[in-house]
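Following this note's numbering, the numbering of the sequence shown begins with 1 at its first residue and continues without gaps.
Glycine is no exception: its CB is placed at the ideal position from the N, C-alpha and C atoms.
Structure first, commentary second.
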Amino acid sequence: MFSIDLTLKYSPLPLSVQRKESETAQTLYQEILTALKADSPQLLELTCEKDPEKKIAVMSDQIVAVIVSQKDGTATGRAPGFFMQS
């Protein structure tokens, strides 16, 4: 299972949807990047494969970061994202 997390402006919590396959997660990631690069804001409607009733609609100009991470049975308990080692 792969999680696609969107970080929004002025929001401390990410929005997340999930994909079962790496290929579909990467396709969605590329679609979001394309919307972010567009000259005008676009409305993105995302659905979750784990819970098909879960839907999110967000304007592309409100997204500040996109993270794709793999969720598996050996999770370390660490939140998704990038961390600096000290």
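Between the Cα of residue i and the Cα atoms of the options, which residue gives the shortest distance?
i	options	result
M1	S22, I56 and A57	S22
Q18	E53, I63 and T47	T47
Given a threshold of 16 other Cβ atoms within 10 Å of its Cβ, counted over all protein chains shown, does residue i qualify as buried or as exposed?
i	result
I117	Lying outside 1 to 86, the shown extent of the chain, residue 117 is not represented and no answer is given.
L28	buried
A38	exposed
A25	buried
According to DSSP, is residue i part of a helix, a strand, or is it coil?
i	result
E118	No answer is possible for residue 118: it lies beyond the span of the chain, which begins at 1 and ends at 86.
E45	strand
A25	helix
K37	helix
How far does the beta strand (DSSP E) with residue i in it reach, from first residue to last?
i	result
L8	F2 to L8
L15	L15 to R19
Q70	I63 to Q70
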